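Laid out in structure tokens, this is it:
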């Protein structure tokens, strides 16, 4: 018994060790001499998409295939940017408010959307996304319409006790750490949520809404919770990114952006928690690596997608399971 | 009065093209349970193929429409034969495959055409007067061609053996296969047919408005809206929802602008989904 426990401890230690090494690597990364500003920019992009794509997976886990997720990034971004620009509040306050704004919209709309299931839910979220995007585009006095907003205030220069003066204007590195921190927090919260009782309820609803409600799981309640949680982090991703890029246009949140998020998630694999993260990293890095091909680069992107579709039914993260099965087979043969 | 009649004609023309595209989308969905998001891109490519056949090969417009329909039909069959057939019953993978097709078609269009705006020459130019109302001939022709095509396809689905087989596959794939229907063949034909409809719609639209490479996603959205409002599996309903959305798109931009009319159209579709998810004419789900 104690031996078994020891083995488990070793396993857990190994697992956390891997995470610790990964995080340490990410912390050191911007200090390496090879990391130029452009590299940092790509990393920030990846962190933003990791937040958004992991949050869309949370909604999918509860059996709700949303394809209007990008608009919640947009709601977060516009809320935060407008509060900062019109009322002059500091972005450190408006950023979380943007996420909360997206969540409030998600709670209200998610309550109505939860009347529909499956394919019809996908369609209603699709329409919602496009309709809100069109609304933003047509409300010129508030949002600047098609031209969008420019010179959204940045994070500025702040004094953090212990770290001293942190200058967000001069360098991208503080933004890197901010987005890294937010991405890690997002992943942690979403992971804990999914493994909690709430997460189990989500999976039950995804498998069969009827059976789930027969054992006392309120379908509406938990679906709205999943939708709101996912959209909160989408709003966070949007509002964190807008204060970094300082420009904002409604075309960043249109139909195809939502579809892109779905591609990232399905590419990485939906069955595994790390799937969206892997998908984002691979799919953001590929076009950057093949930048020399210019307009032909999307062909590489598409070809990689085709490879994954036909060779890895579970997405890239399905490789974990394949490798595991292989290892156990070889192990058995050896014994 | 002049604006009034022009708006009505515009509404009908838009509606007939929307219905053409939506019919193909609905056909694939009901026969194969596939959400073919690449349908909008096929429509876009059809329009450009038609344009290049006219401008580079000097074909008359009506022949270009036919040829581009044929080319895209082959492409649709190709997609089914070498793509969707291997991904059956896996919703996520078929969705992703159609998205990959969008990536390829969109990139190819961006490379070959670029940002330039093109326009397919119209079949007939000039104006005609019917009952004291002046109409442009090209819109009239577009409308007539679209309506004829729609009636033809409706006839094909409702009355012929092929159509009956399609409906059988749509109802129950396994039972249809047990009756000796070649399910794969039917699926390939459905794909080819829907691609023809999209390509012809693209060519017709190209003679009315200017082409750009992003017209596909807007049309895809319209097709989905139409199918949702009409309800799955209802061909007749598509005509009604097509007219509704066509008129919203023709009339409202005059008063509240293009983006505003989009909000109204999509809001209407959302309302239908929330109040009556099966659509106006769909069967119970």
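Chains as they are written, first to last, in the working numbering: chain A, 3 to 337; chain B, 2 to 286. Built from N, CA and C at the ideal position, the CB exists for glycine as well. Quantities reported herein were computed from a predicted structural model and do not represent experimental measurements.
| field | Which listed residue (A/33, A/95, A/246 and A/321) has its alpha carbon closest to that of residue 280 of chain A | value | Looking up residue 280 of chain A in the first chain gives position 278. Among A/33, A/95, A/246 and A/321, the Cα nearest to that of residue 280 of chain A is on A/321.
| Inter-residue Cα distance where the pair is residue 16 of chain A and residue 199 of chain A | Taking the first chain and counting its residues from 1, one reaches residue 16 of chain A at position 14. Taking the first chain and counting its residues from 1, one reaches residue 199 of chain A at position 197. Taking the straight line from one Cα to the other gives about 26 Å.
| Does the region 7 to 23 of chain B touch the region 138 to 156 of chain B, meaning 3 or more C-beta pairs lie closer than 8 Å? | yes
| query | Which residues in the same chain as residue 70 of chain A place their Cβ atom closer than 7 Å to its Cβ, once the five residues preceding and following it in sequence are excluded? | reply | Here residue 70 of chain A refers to the residue found at position 68 when the first chain is read from its first residue. Correct list, in chain order: 127, 128, 130, 131 and 260.
| Along chain A, which residues have their Cβ under 7 Å away from the Cβ of residue 218 of chain B? | Counting from one through the second chain, the residue named residue 218 of chain B turns up at place 217. Those within 7 Å of residue 218 of chain B in chain A are 257 and 258.
| said: If we require 3 or more residues per run, which beta strand (DSSP E) segments fall completely within the region 160 to 224 of chain B? | reply: none
| message | So the candidates are A/30, A/87, A/88 and A/97; which of them puts its Cα closest to the Cα of residue 236 of chain A? | response | The count along the first chain starts at 1 and reaches residue 236 of chain A at position 234. Answer by Cα proximity: A/97.
| In three-state DSSP terms, what is residue 215 of chain A? | By 1-based counting over the first chain, the position of residue 215 of chain A is 213. Residue 215 of chain A falls in the helix class under three-state DSSP.
| Would you report the Cα separation of residue 158 of chain A and residue 85 of chain A, rounded to the nearest angstrom? | Within the first chain, the letter at position 156 stands for residue 158 of chain A. Within the first chain, the letter at position 83 stands for residue 85 of chain A. Cα to Cα, residue 158 of chain A sits roughly 16 Å from residue 85 of chain A.
| said: Can you pull the chain A neighbours of residue 271 of chain B, defined as C-beta to C-beta under 8 Å? | reply: Taking the second chain and counting its residues from 1, one reaches residue 271 of chain B at position 270. The contacting residues are 126, 129, 130 and 133.
| field | Burial state of residue 100 of chain A, where buried means 16 or more other Cβ atoms lie within 10 Å | value | Numbered from 1 along the first chain, position 98 holds the residue referred to as residue 100 of chain A. Label assigned to residue 100 of chain A: buried.
| request: Taking only beta carbons into account, state which residues of the region 255 to 283 of chain B come closer than 7 Å to chain A, listed in chain order. | output: 258, 260, 261, 263, 264, 267, 268, 270, 271, 274, 275 and 278
| task | Taking residue 243 of chain B as part of the alpha helix (DSSP H), name the residues at either end of that continuous run. | result | For the purposes of this step, residue 243 of chain B is taken as residue 242 along the second chain, with counting starting at 1. Start and end: 236 to 276.
| Which partner residues of residue 106 of chain A appear in the DSSP bridge assignment? | Within the first chain, the letter at position 104 stands for residue 106 of chain A. Beta-bridge pairing links residue 106 of chain A to no other residue.
| query | With 9 Å set as the bound, which would you pick, yes or no: does the beta-carbon of residue 286 of chain B sit closer than that to a beta-carbon of chain A? | reply | Within the second chain, the letter at position 285 stands for residue 286 of chain B. Low confidence applies here, because residue 286 of chain B scores a pLDDT of 47, under 50, leaving its location unreliable; read the following figure in that light. Interface residue, yes.
| message | Using a Cβ-Cβ distance cut-off of 9 Å, determine whether residue 87 of chain B contacts chain A. | response | Working through the second chain from its first residue, we reach residue 87 of chain B at position 86. Residue 87 of chain B counts as touching chain A.
| Counting Cβ pairs, one atom from each stretch, are 3 or more of them under 8 Å apart for the region 10 to 26 of chain A and the region 233 to 251 of chain A? | no
| field | Residue-level contact to chain A via CB, residue 107 of chain B, 9 Å cutoff | value | The sequence position of residue 107 of chain B within the second chain is 106, counting from 1. Closer than 9 Å: yes.
| task | Give the C-beta separation of residue 308 of chain A and residue 101 of chain B to the nearest angstrom, bearing in mind that I take them to be a contact with Cβ-Cβ under 8 Å. | result | Residue 308 of chain A sits at position 306 when you count from the first residue of the first chain. Residue 101 of chain B sits at position 100 when you count from the first residue of the second chain. Confirmed, about 5 Å.
| query | If we count the other Cβ atoms within 10 Å of its Cβ and call it buried at 16 or more, is residue 174 of chain B buried or exposed? | reply | Stepping through the second chain from its first residue, residue 174 of chain B is reached at position 173. When all chains shown are included, residue 174 of chain B counts as buried.
| said: Using DSSP's beta-bridge definition, name the partner residues of residue 168 of chain A. | reply: On the first chain, residue 168 of chain A is found 166 positions in, with the first residue counted as 1. Residue 168 of chain A pairs with A/160.
| query | residue 122 of chain A versus chain B: which residues are under 7 Å apart at the beta carbon? | reply | Sequence index remark: in the first chain, residue 122 of chain A carries index 120 (1-based). In chain order: 274 and 278.
| message | Could you check whether the Cβ of residue 8 of chain A sits closer than 9 Å to any Cβ belonging to chain B? | response | Here residue 8 of chain A refers to the residue found at position 6 when the first chain is read from its first residue. Output row for residue 8 of chain A: interface = no.
| field | Beta carbon proximity, residue 139 of chain A to chain B, threshold 9 Å | value | The residue you call residue 139 of chain A lines up with position 137 of the first chain. True, the Cβ-Cβ gap to chain B drops below 9 Å.
| With a Cβ-Cβ cutoff of 9 Å, do residue 104 of chain A and residue 77 of chain A count as a contact? | By one-based count along the first chain, residue 104 of chain A stands at place 102. By one-based count along the first chain, residue 77 of chain A stands at place 75. Yes, the pair counts as a contact, with Cβ atoms nearer than the cut-off.
| request: Can you check the region 124 to 155 of chain A for any alpha helix (DSSP H) of at least 4 residues that lies completely inside it and give the ranges in chain order? | output: 142 to 145
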